[in-house]
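Peer 1: Last residue of the sequence shown: 119 in the UniProt record's numbering, with the numbers rising by one and none dropped.
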Amino acid sequence: MIISDPWFYVTAIPAVLIFGIGKGGLGGALGVVAVPLMSLSVSSTQAAAILLPILCVMDGFAVKQHYRHVDTMLLRKMLPGAVLGVAIAGMVMSYSSENWLKIVVGSLCLLFCGHYFFT
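(1) How is S43 classed by DSSP in three states: helix, strand or coil?
(2) Identify which residue in C113, F8, G25 and M93 has its Cα closest to the Cα of L40.
(3) When you compare each of D59, Y95 and A12 to G24 by their alpha carbons, which one comes out closest?
(4) Could you work out which residue in S94, G22 and M91 is closest to F112 when comparing CA atoms only?
(5) Let's see if you can read the secondary structure: which residues bound the alpha helix (DSSP H) around S94?
(6) Look at the Cβ atom of P36, then the Cβ atom of V105, and state whether they are nearer than 8 Å.
(7) For the alpha helix (DSSP H) holding V35, just list the boundary residues, first then last.
(8) Could you spell out where the alpha helix (DSSP H) holding Y116 opens and where it closes?
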């Protein structure tokens, strides 16, 4: 389904650019602004669903670039928490209303941006 709302593209293009710059290391925690920015024109779940494939491709390139330098012990320590976080996020998104999700995503965005700028 193609989104025909022009405001979607006004928010999506800068969001994806900010997301890529942040993922590339130039913007620091700036990438967390992408989903709330896109949430101005589409629902939070749609914004996350649109950005997820882009994030997967970016991560694929990062893994290809750095796979020889992996710390397997650190990865083993981080993996259970990551799996638990994804499971909790999936449950929260499936049982929550759209307005509540916008508040949570916006609050997390402000929290991460504040942490980045004030530390």
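Just so it is clear, CB atoms sit at the ideal spot from N, CA and C, and this is done for glycine as well.
Peer 2: To lay it out plainly:
(1) Numbered from its first residue, the sequence shown carries residue 43 at position 43. Looking at S43 - three-state DSSP - the assignment turns out to be coil, as it is neither helix nor strand.
(2) Start at 1 with the first residue of the sequence shown, and residue 40 comes out as number 40. When each option's Cα is compared against that of L40, the closest is F8.
(3) Looking up residue 24 in the sequence shown gives position 24. The option with the nearest alpha carbon to G24 is D59.
(4) As a first step, residue 112 must be located in the sequence shown, where it is residue number 112. Among S94, G22 and M91, the Cα nearest to that of F112 belongs to G22.
(5) Residue numbering aside, residue 94 sits at position 94 when the sequence shown is read from its first letter. It spans T72 to Y95 - the alpha helix (DSSP H) in which S94 sits, taken as one unbroken run.
(6) Residue numbering aside, residue 36 sits at position 36 when the sequence shown is read from its first letter. Residue numbering aside, residue 105 sits at position 105 when the sequence shown is read from its first letter. Yes.
(7) As a working note, residue 35 is residue 35 in the sequence shown. Start and end: A34 to M38.
(8) To locate residue 116, count along the sequence shown from 1; it is residue 116. That run of the alpha helix (DSSP H) goes E98 to F118.
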